[in-house]
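A.B. asks: My questions will all concern the structure given below.
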C-alpha cells in the first residue's frame, strides 16, 4: 500500500481538515483510502474513521518501535494511505512527523496556511524542504497543499512562486463548514462533530488527487511478529469497555487482544453487566462527562467485585479514574467510582501532563514483569490525591505519571495508569497470559 504524509508547518494549521478533504477526494475518485495518524492521538483518528468507516492507524516509533510502526502501517488496507502529521513537521522531542515520514520512507505534502500570502507561502515551503538536509533527516518534501487559499489569482500566485521541485497539490478553500469544535483534550470526537460530507466534497474538488496518488510510494515491509501461544482465541475472553466515556482505543490494541482472545465489549455508561472474562480492560476517554451514569449504573461496582476476586484489570487514564474512589469535575460535582484504587481524582482547568513516557516495572503486574519497561504517552487534565496505602507498579523513567515519580496504582491484580500504551508496546502480552491470582 502506497502512502503520503500530510505535514503541517505548525499546530493549528488545519492538518485534520486537509486530511479529511484528501480522504474525501480519494473516495470521490474511486480509491479506497487508509487513514493514519503520526504520533499519539485518539481524537483526530476518530474523525478519519467517521468519514471513511476505516480505523485509522497510529504510527509512532516511540510507542511501537520502528519495526512495530511499519507493521502497524502494513496492517492497514487500501489503495492509498494518508498519514496526518502531528504538530509542525519537525516538532516533537520523541516522535515528530519527520521521524515518521523518514521511518516509513513516505513523501511529505506540506500543509501551509495561505490565508494572507502567496510568494511567502512558497518561501515557507522551500525553507521546510531545505531544513531536512540541515538536520540530517532523510525525507522528501514533495510539495504543498495550500490551506485557506482562494482560487484565481491567489492560487495562481502560490503555484507560480513554487520552485520546480515542489508540486502544487491544490488548496483547501476557506469555508465556515470546515471547522471542528474543540474541548479540553482537543477536538470533539468524530462521532460527535464530524464535518459535513458535502462541504468536504466541495473542498476535495480543489485537490489534484491524481498527482498526489502518483507521488505516493510504499514503505519497506517487515516481518510480522508471531506471538500467539497456540491457544484458540475462543479459549480466552477479555472484557473491553467501549462507549463515550471509554473511547480512546488504538486499533492495534484491539488487534493484539483479538489475536489471542475473544474481545467482549461492554458499556459502563449504559450500566451493562461485565462479560464473564479472564481479564478486563478500561481504556481512556471522558469519564468526567458521565460521572452520574458511572456512579449509578452498577457496572463499576461489578468491576470492583471482579477485581477483589483477583481478575486482572487494566485501566488507562480514564480507566484509572474510573477505578479510583471518587471523581470530582471542574464544576465541583463529586461522583463515587469503583473504589478499587486508593485515589481521589479531581479535574483541573489546564492539562497536568502531555508527553511521551517510559515506565520501569517495580514488580510483576498484569502489564509488565519486574524490571521490564513500557513506553506510551500521557495527556490528562486530572490530578490524584492518594491514600496512605497507595502502592505503585512503575517508576517513571520519562514523564510525570501519577505523582511525578511513579505510575500504575495497583491493588489485587489491578493496575491503573495515566499511560496509554500501543498494541506493539508489550503491555497487553501479560494481560493475555493465562490469568493468575498470584501475579
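In full-length UniProt numbering, the protein residues as written are 1 to 439. Ideal Cβ placement from N, Cα and C applies to all residues, glycine included.
Starting from residue 101, trace the beta strand (DSSP E) both ways and give me its first and last residue.
C.D. replies: Taking the chain shown and counting its residues from 1, one reaches residue 101 at position 101. Segment 97-104 is the alpha helix (DSSP H) holding residue 101; no beta strand (DSSP E) there.
A.B. asks: Would you kindly work out how many angstroms separate the C-alpha atoms of residue 53 and residue 171, rounded to a whole number?
C.D. replies: Taking the chain shown and counting its residues from 1, one reaches residue 53 at position 53. Taking the chain shown and counting its residues from 1, one reaches residue 171 at position 171. Straight-line Cα distance between these residues: approximately 24 Å.
A.B. asks: Under 8 Å by Cβ, that's how I've got residue 201 and residue 22 pegged, so tell me the actual separation to the nearest angstrom.
C.D. replies: Locating residue 201 in the chain shown gives position 201, where the first residue counts as 1. Locating residue 22 in the chain shown gives position 22, where the first residue counts as 1. Their Cβ separation, rounded to whole angstroms, is 12 Å, which puts residue 201 and residue 22 out of contact at 8 Å.
A.B. asks: Taking the alpha helix (DSSP H) that residue 299 falls in, what are its first and last residues?
C.D. replies: Taking the chain shown and counting its residues from 1, the one referred to as residue 299 is at position 299. Residue 299 -> alpha helix (DSSP H) spans 299-308.
A.B. asks: Short of 6 Å in beta carbon distance, which residues of its chain neighbour residue 216, apart from the five on each side in sequence? Order them along the chain.
C.D. replies: The count along the chain shown starts at 1 and reaches residue 216 at position 216. Excluding residues within five positions, the ones whose Cβ falls inside 6 Å are 2, 3, 4, 80.
A.B. asks: Where does residue 365 sit, in a helix, a strand or coil, going by DSSP?
C.D. replies: Numbered from 1 along the chain shown, position 365 holds the residue referred to as residue 365. Coil at residue 365, not helix or strand.
A.B. asks: Secondary structure at residue 216, three-state DSSP: helix, strand or coil?
C.D. replies: As a working note, residue 216 is residue 216 in the chain shown. Correct three-state label for residue 216: coil.
A.B. asks: Are the beta-carbon atoms belonging to residue 97 and residue 86 less than 7 Å from one another?
C.D. replies: Counting from one through the chain shown, the residue named residue 97 turns up at place 97. Counting from one through the chain shown, the residue named residue 86 turns up at place 86. It is a contact, given that the beta carbons lie within the stated cut-off.
A.B. asks: Identify every residue that forms a DSSP beta bridge with residue 355.
C.D. replies: The sequence position of residue 355 within the chain shown is 355, counting from 1. Paired residues: 378.
A.B. asks: Enumerate in chain order the residues of its own chain whose CB-to-CB distance from residue 383 is below 7 Å, with the five nearest sequence positions on each side excluded.
C.D. replies: Along the chain shown, one-based indexing puts residue 383 at 383. The residues are 346, 348, 352.
A.B. asks: Is the region 389-402 touching the region 237-256 in the sense that three or more CB pairs, one from each, lie closer than 8 Å?
C.D. replies: Output reads no: the region 389-402 does not touch the region 237-256.
A.B. asks: Can the beta-carbon of residue 95 be found less than 7 Å from the beta-carbon of residue 60?
C.D. replies: Along the chain shown, read from residue 1 onward, the residue named residue 95 stands at position 95. Along the chain shown, read from residue 1 onward, the residue named residue 60 stands at position 60. Contact: yes.
A.B. asks: Using a Cβ cut-off of 7 Å (strictly closer), state whether residue 250 contacts chain C.
C.D. replies: The chain inventory of the structure shown lacks chain C, comprising one protein chain alone.
A.B. asks: Please classify residue 93: is it buried, with 16 or more other beta-carbons within 10 angstroms of its beta-carbon, or exposed?
C.D. replies: Indexing the chain shown from 1 puts residue 93 at position 93. Result: exposed.
A.B. asks: From residue 34 to residue 129, what does the alpha carbon distance come to, in whole angstroms?
C.D. replies: Taking the first residue of the chain shown as position 1, residue 34 is located at position 34. Taking the first residue of the chain shown as position 1, residue 129 is located at position 129. Residue 34 and residue 129: Cα-Cα distance of roughly 26 Å.
A.B. asks: Whole angstroms is fine: what's the gap from residue 169's alpha carbon to residue 48's?
C.D. replies: As a first step, residue 169 must be located in the chain shown, where it is residue number 169. As a first step, residue 48 must be located in the chain shown, where it is residue number 48. The alpha-carbon atoms of residue 169 and residue 48 are separated by roughly 20 Å.
A.B. asks: Assuming residue 245 and residue 318 make a contact with CB atoms under 8 Å, what is their CB distance in whole Å?
C.D. replies: Along the chain shown, one-based indexing puts residue 245 at 245. Along the chain shown, one-based indexing puts residue 318 at 318. At roughly 7 Å, the Cβ-Cβ gap stays under 8 Å, so residue 245 and residue 318 are in contact.
A.B. asks: Can you say whether residue 147 is buried or exposed, counting buried as having 16 or more other CB atoms within 10 angstroms of its CB?
C.D. replies: Within the chain shown, residue 147 is the residue found at index 147, counting from 1. Residue 147 is buried by the Cβ-count criterion.
A.B. asks: Here's the rule I'm using: 16 or more other beta-carbon atoms within 10 Å means buried, otherwise exposed. How should residue 306 be labelled?
C.D. replies: Counting from 1 along the chain shown, the entry for residue 306 is found at position 306. That one is buried.
A.B. asks: Check for me: the alpha helix (DSSP H) holding residue 160 runs from which residue to which?
C.D. replies: Along the chain shown, one-based indexing puts residue 160 at 160. Run containing residue 160: 153-161, per the alpha helix (DSSP H) assignment.
A.B. asks: If you run the structure through DSSP and keep just helix, strand and coil, what is residue 134?
C.D. replies: Start at 1 with the first residue of the chain shown, and residue 134 comes out as number 134. Three-state result, residue 134: helix.
A.B. asks: Could you check what DSSP says for residue 144 in three-state terms: helix, strand or coil?
C.D. replies: Numbered from its first residue, the chain shown carries residue 144 at position 144. Strand.
A.B. asks: With DSSP collapsed to three states, give me the class of residue 183.
C.D. replies: The count along the chain shown starts at 1 and reaches residue 183 at position 183. Here the model assigns residue 183 a pLDDT of 45, short of 50, so the residue's position is not dependable, and the following value carries that caveat. Of the three classes helix, strand and coil, the one that applies to residue 183 here is strand, per DSSP.
A.B. asks: In whole angstroms, what separates the C-alpha of residue 293 from that of residue 209?
C.D. replies: In the chain shown, counting from the first residue as 1, residue 293 sits at position 293. In the chain shown, counting from the first residue as 1, residue 209 sits at position 209. So the alpha carbons of these two residues sit roughly 46 Å apart.
A.B. asks: Let me know the secondary structure DSSP gives residue 73 once reduced to three states.
C.D. replies: Along the chain shown, read from residue 1 onward, the residue named residue 73 stands at position 73. Three-state DSSP puts residue 73 in a helix.
A.B. asks: Does the count of Cβ pairs from the region 364-371 and the region 402-417 closer than 8 Å reach three?
C.D. replies: Touching, per the Cβ criterion.
A.B. asks: What does the alpha-carbon distance come out to for the pair residue 376 and residue 152?
C.D. replies: Position 376 of the chain shown, counted from the start, is the residue given in the question as residue 376. Position 152 of the chain shown, counted from the start, is the residue given in the question as residue 152. C-alpha separation (whole angstroms): 46 Å.
A.B. asks: Quick one: measure Cβ to Cβ for residue 107 and residue 140, integer angstroms, because I've assumed they're closer than 8 Å.
C.D. replies: Here residue 107 refers to the residue found at position 107 of the chain shown. Here residue 140 refers to the residue found at position 140 of the chain shown. Confirmed, Cβ separation roughly 5 Å.
A.B. asks: Where DSSP assigns a beta bridge to residue 37, which residues make up the other side?
C.D. replies: For this step, residue 37 is matched to residue 37 along the chain shown. Paired residues: 58, 84.
A.B. asks: With a threshold of 16 other CB atoms inside 10 Å of the CB of residue 197, please say whether the residue is buried or exposed.
C.D. replies: For this step, residue 197 is matched to residue 197 along the chain shown. Looking at its Cβ environment, which holds fewer than 16 other Cβ atoms inside 10 Å, residue 197 is exposed.
A.B. asks: If you measure from the CB of residue 312, is any heavy atom of the ligand MG nearer than 6 Å?
C.D. replies: This structure simply doesn't include the ligand MG, nor any ligand for that matter.
A.B. asks: Hey, would you say residue 111 sits closer than 7 Å to residue 269, going by beta carbons?
C.D. replies: Here residue 111 is taken as the residue at index 111 of the chain shown, counted from 1. Here residue 269 is taken as the residue at index 269 of the chain shown, counted from 1. Not closer than 7 Å, so no.
A.B. asks: Check the C-beta distance from residue 280 over to residue 313 and give it rounded, since I have them as a contact under 8 Å.
C.D. replies: For the purposes of this step, residue 280 is taken as the residue at position 280 of the chain shown. For the purposes of this step, residue 313 is taken as the residue at position 313 of the chain shown. That pair is a contact at about 5 Å.
A.B. asks: Where does the unbroken alpha helix (DSSP H) through residue 18 begin, and where does it stop?
C.D. replies: Here the question's residue 18 lines up with position 18 in the chain shown. Note, residue 18: alpha helix (DSSP H), 15-28.
A.B. asks: Taking Cβ to Cβ, would you say residue 359 is nearer than 7 Å to residue 341?
C.D. replies: What you label residue 359 is simply residue 359 of the chain shown in a count that begins at 1. What you label residue 341 is simply residue 341 of the chain shown in a count that begins at 1. No, the Cβ-Cβ distance between residue 359 and residue 341 is not below 7 Å.
A.B. asks: If you count every other CB in all the chains shown that lies within 10 Å of the CB of residue 173, and 16 or more means buried, which is it?
C.D. replies: Here residue 173 is taken as the residue at index 173 of the chain shown, counted from 1. By the neighbour-count rule (16 or more Cβ atoms within 10 Å), residue 173 is buried.
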